[in-house]
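Chains as they are written, first to last, in the numbering used here: chain A, 112 to 504; chain B, 906 to 961. I have placed the structure first, in the form of structure tokens, so that the comments after it can refer back to it.
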Ligand SMILES: Cc1cc2nc3c(=O)[nH]c(=O)nc-3n(C[C@H](O)[C@H](O)[C@H](O)COP(=O)(O)OP(=O)(O)OC[C@H]3O[C@@H](n4cnc5c(N)ncnc54)[C@H](O)[C@@H]3O)c2cc1C
Ligand code: SF4
Ligand code: SF4
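Set out below in structure tokens:
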């Protein structure tokens with residue numbers, strides 16, 4: 112079997128669906144492939160997003176949102192906590208989504224814009240002529256299918272292959288991926304108003320524990336640890352320990368595991384006829400692990416650039432350069448900065464973390480965003496944060 | 906040989922992203938290991954549930 116279109120998008124996560132929607136809105140014939148039979152399921156996410164950035168891109172439907180949070184609370188290893196409020200807390204908090212519904216909602220928007228959505232359809236390679244891709248080969252419900260298209264957008268998540276097929280090395284080093292486990296917990300001890308973050312080398316080496324509220328006394332409680340400090344099964348083992356201590360009577364309603372890239376921007380996200388988007392392009396924020404919004408932002412740009420390239424007839428890497436330039440200027444700089452912070456923070460001892468959080472205890476950080484808070488941290492702890500001074504000016 | 910404990914695996918795809926030889930594939934709900942596997946063990950470290958093991 113074979114078919115033809117202008118753009119094939121591989122993967123119907125937030126990145127792929129936004130790319131497909133933007134390309135379809137610009138008048139292209141789009142196929143959106145998803146290997147799973149149900150879009151959005153199983154989830155591999157803590158589901159926290161910033162309200163403002165989300166609302167700039169889509170109109171959030173009420174059924175996408177599990178809860179709205181008041182702010183963020185951060186715990187040092189010694190138990191000291193500080194509070195940052197949502198409008199000052201930056202991008203990570205705001206809504207906690209129901210991603211099974213959200214991901215499906217975005218795919219629906221792509222479909223309504225005209226994209227052809229194909230579930231249980233897995234890309235297994237690029238079609239190539241003289242080394243140049245012109246579509247994908249796929250398995251659709253167990254049957255081979257060739258889809259010819261001048262442009263392939265790889266939005267195939269942490270397990271991405273599209274880049275590697277096109278000669279872009281997206282392999283993650285163990286130090287550049289967080290391995291995560293999460294339980295949906297119901298317990299009277301759950302704070303259902305705040306997103307909580309717990310730091311400490313014992314509870315989450317090279318990462319953190321989170322608790323993101325999803326309803327009354329209900330939260331996504333999970334953790335990520337740096338791959339280079341993990342061993343087989345470690346994420347799940349540490350999570351069980353944390354839950355036993357913090358929610359001894361908690362009941363677990365769902366289990367989620369996953370890998371979250373934290374490599375910072377990679378060298379190239381384009382090849383002839385190919386663009387990578389979202390986790391596939393490793394566009395996740397290395398410090399927070401947030402990647403929903405960046406995937407959507409990059410997806411929109413990729414869809415728009417695809418339309419221009421198709422109409423100009425130049426789908427070579429050079430012709431797709433606008434994608435590379437635009438995402439790097441819109442989100443790439445922030446990701447690069449976050450990577451430097453992450454590389455620094457993963458080296459801190461528990462004493463360092465206690466000192467940093469403790470130093471904020473007497474400060475009024477209420478009106479500050481993340482950047483402002485880091486500036487205060489630097490003023491109070493110049494020696495500890497000396498390496499970061501170029502980032503904090 | 907690299908073994909996948911299918912009863913443990915939660916099909917998250919993390920192992921696929923770190924394999925230097927592109928030997929793993931996540932097919933919906935199971936992991937396939939190809940002949941390109943060099944038994945380096947990198948993927949076993951990342952697995953959140955400990956489903957992967959290099960056995961002699
Ligand atoms: C435990 C955990 C917690 C997280 N918490 C947050 C959070 O709170 N906030 C946040 O913003 N981000 C969070 N993230 C990151 C976030 O989940 C990702 O960055 C986001 O899902 C990336 O979107 P995407 O569209 O790039 O990829 P994905 O959402 O991963 O979608 C990729 C899709 O491609 C499909 N696919 C893959 N290969 C193929 C193929 N060959 N053919 C067809 N389809 C294919 C997959 O099945 C999948 O549906 C978290 C990640 C983890 C692991
Ligand atoms: S990392 Fe572990 S749980 Fe995830 S897909 Fe691989 S084997 Fe399965
Ligand atoms: S053992 Fe090494 S080569 Fe084999 S699948 Fe795992 S990471 Fe890849």
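Cβ atoms here follow ideal geometry from the backbone N, Cα and C, with glycine treated the same way.
| Check | Outcome |
| --- | --- |
| Interface residues of chain B facing residue 346/A [CB-CB closer than 7 Å] | 953 |
| N- and C-terminal bounds of the alpha helix (DSSP H) containing residue 452/A | 444-456 |
| Listed by chain order, chain B residues near residue 292/A by CB distance under 7 Å | 953 |
| Under the three-state DSSP convention, the category residue 139/A falls into | coil |
| Beta carbon of residue 945/B nearer than 7 Å to that of residue 920/B | no |
| Spatially closest choice to residue 398/A from 183/A, 451/A, 425/A and 413/A, by CA coordinates | 451/A |
| For residue 408/A, the three-state DSSP class (helix, strand or coil) | helix |
| is_contact[residue 949/B, chain A] using C-beta, thresh 7 Å | yes |
| Rounded distance between the beta-carbons of residue 391/A and residue 266/A, thought under 8 Å | 6 Å |
| Residue 949/B versus residue 272/A: straight-line alpha-carbon distance, rounded | 19 Å |
| Chain B within 7 Å of residue 242/A, Cβ atoms only | no |
| Beta bridge counterpart(s) of residue 237/A as assigned by DSSP | 247/A |
| Any chain B beta carbon closer than 7 Å to residue 422/A | no |
| Sub-7 Å separation of residue 414/A and residue 130/A beta-carbons | yes |
| C-alpha distance - residue 291/A paired with residue 369/A, whole-angstrom precision | 5 Å |
| Residue environment, residue 424/A, which counts as buried when at least 16 other CB atoms sit within 10 Å | exposed |
| Beta-carbon neighbours of residue 285/A, restricted to chain B and to distances below 8 Å | 923, 947, 950 and 951 |
| First through last residue of the beta strand (DSSP E) which encompasses residue 264/A | 262-265 |
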